[in-house]
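A short write-up of the structure that comes next.
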Amino acid sequence: MALLCGIDVGTTHVKVGFFDDGGGCVTSVRRPTPRDLPALVAAVVEALAECAARAGRGPDAIGITGMAETGVPLDASGRPLTPLLWWNDPRGTQEAAALRGPTAPMNENGPPPHPDAPGSGDGAPATPGGDTAHPAAPRGGDADQRGDVPGLRGGDLGRRGDVPGLRGRDSGARGGDLGASVGEAADGSGAVRSGGVPGVGASGGGVSDGGDGTSRGGGDAAVVYARTGRWVDGKAPLAKWLWLRAHEPGVLAAMRWWASVPDAVAYALTGELHTHETLAARTLGYDVVRGDYDEDLLALAGLRPEQLAPTARAVEPVGGLTVKVSGVAAGIPVMIAGHDHAVGAWASGVRRPGHVADSMGTAEAVLAPAAHRPDPRLGLALGITADPALDGTGTVLVGGLPTSGGMLDWLLGLIAAPDDSQARTMADRAGRGAGEWGAGGKG
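For the sequence shown, position 269 matches number 269 in full-length UniProt numbering, and the numbering has no gaps at all.
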């Protein structure tokens, strides 16, 4: 019997499970999601070892999924330059608003995170912009002499630990009703200034035609949507890169690669940096029409496509396991399965037009495969994204709510005492996904 391992790095929890070849869960472990990459990798390795001990053997392969927009800048030796930059962190909101321009629709990623949410502070006084009172990082100085980055809430970056598997290897450089709305559909300066970024944004105007009917370099919000399948919002990594360029250019200058959370975990386990298209598409720097990174959008933050991970298919191993994990054989294949909501929908059988999945974690997403991409202005009006399908053959329309699962956790905290095991078991089961408490799940 084959034994497969799934790793899901969610906003609230890291889940590691072993599954048989029929999809049945053999054993699973859940941990709170740490805020920095070394601690996250340690949590994953520990959970892998615990699952292997429980199952009496290691898995034959590992697949990794997780939240899409959260990620981390890595230096040339593969070490994190900051703690994780979270999708629900408000930094980048002002940059996104400037990128949209004054006449573009306002589609933001919801309220700022709860003070107890990951990435929302360690008790340091916060400024209205979401920054905490830390000394600024030196601009372009020695990476190991940096102090804290304002608002990055993760302790002394100069004393960060190595991530297992990232030993200076240059391996990765090679390369109304929400459901009805989703079904109906089946914008190179330093700081971003109000009124639109040159080349992208309502006042930026279009530039050269890309040969596919869209303007390369920008235009209004509909042009950006046509190329990326997304509206401009503060949770997109592009907005975080713009914030770094304006406020912490030394970090951006030292960044050799950007890695989303699933990419970073796979890199730590294998020493190979890759991503999946469903993750790349959530950066707001990826052209879903061409299936490649958008040089002009990346240039707004001073980045180049080679600073982003090359894409690999969900069934294509990025490398073999190189990190020592108790009970797990070295060299087993490791794959990046894709964006967590997309993976959950695919696993539940939602793969063609007419199917709809409701995927709930800390945030909730409704996913509907579509025969074609929506008209950009309709997509913007409905507040949906047009993402690549998990298998790369089509489009999936996605609408969502950023706080659904988080709200349930908040409600549980109000009605259940810490030792109220029955209520917590019910909430646990309510948060689990397809099958008999199988793929998907709370957070």
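Cβ coordinates follow ideal geometry from the N, Cα and C atoms, glycine included. Given the structure is predicted, the values throughout are model-derived calculations rather than measurements.
Delimiting residues of the alpha helix (DSSP H) encompassing residue i
i       : result
Arg-377 : 376 to 382
Met-335 : Note, Met-335: premise wrong, no alpha helix (DSSP H); beta strand (DSSP E) at 333 to 339.
Pro-249 : 249 to 254
Lys-412 : For clarity, residue 412 is Leu in the given sequence; the question names Lys instead. That run of the alpha helix (DSSP H) goes 404 to 415.
Leu-44  : The sequence given here has Val at residue 44, not Leu. Note, Val-44: alpha helix (DSSP H), 37 to 55.
Leu-85  : Leu-85 -> no alpha helix (DSSP H), and no H or E assigned at all.
Val-224 : 221 to 228
Ala-96  : 93 to 100
Endpoints, the beta strand (DSSP E) within which residue i is located
i           : result
Glu-364     : 364 to 370
Ala-68      : Looking at the DSSP string, Ala-68 is not in any beta strand (DSSP E), and its letter there is neither H nor E.
Asp-358     : 357 to 360
His-13      : 13 to 20
residue 450 : Examination of residue 450 is not possible in this model, given that the chain is present from 1 through 443 alone.
Asp-387     : 385 to 388
Val-398     : 395 to 401
Pair within 9 Å by beta-carbon distance, residue i and residue j
i           : j       : result
Gly-17      : Thr-33  : no
Val-396     : Ala-386 : yes
Tyr-286     : Glu-277 : yes
Val-41      : Leu-269 : yes
Pro-262     : Val-9   : yes
Val-334     : Ala-61  : yes
Leu-81      : Asp-75  : yes
Ala-363     : Gly-399 : no
Glu-272     : Gly-319 : yes
Met-238     : Ala-280 : As written in the sequence, residue 238 is Leu, which differs from the Met given in the question. Going by C-beta atoms, Leu-238 is not nearer than 9 Å to Ala-280.
Ala-337     : Leu-390 : yes
Gly-66      : Asp-292 : no
Ala-49      : Val-328 : yes
Leu-297     : Arg-245 : no
Gly-413     : Thr-12  : no
Lys-15      : Arg-35  : no
Ser-260     : Arg-290 : no
Gly-379     : Tyr-267 : no
Gly-234     : Pro-90  : yes
residue 520 : Gly-78  : Given a span of 1 to 443 for the chain in the structure shown, any question on residue 520 remains unanswerable.
Val-45      : Val-325 : yes
Val-288     : Pro-388 : yes
Leu-4       : Gly-63  : yes
Glu-69      : Ala-299 : no
Gly-349     : Trp-243 : no
Residues bridged to residue i (per DSSP)
i           : result
Ala-275     : Strictly speaking, residue 275 in this sequence is Thr, with Ala absent from that position. Thr-275 pairs with Thr-311.
Pro-32      : His-13
Tyr-293     : Tyr-286
Pro-80      : Leu-74
residue 448 : The chain is shown from 1 up to 443; residue 448 falls before or after that span and cannot be answered.
Asp-8       : Lys-15, Thr-65
Ser-320     : Looking at the sequence shown, residue 320 is not Ser but Gly. Paired residues: Pro-333.
Leu-3       : Asp-20
Val-328     : Val-325
Thr-27      : Phe-18
Within-9 Å CB hit, residue i to chain B
i      : result
Val-14 : The chain labelled as chain B is not found in the depicted structure, where only one protein chain is given.
Check whether the segment 350 to 364 touches the segment 243 to 250, taking contact to mean three or more Cβ pairs, one atom from each stretch, closer than 8 Å. no
Okay, do the segment 88 to 103 and the segment 366 to 376 touch, 3+ Cβ pairs below 8 Å being the bar? Too few Cβ pairs lie closer than 8 Å, so no.
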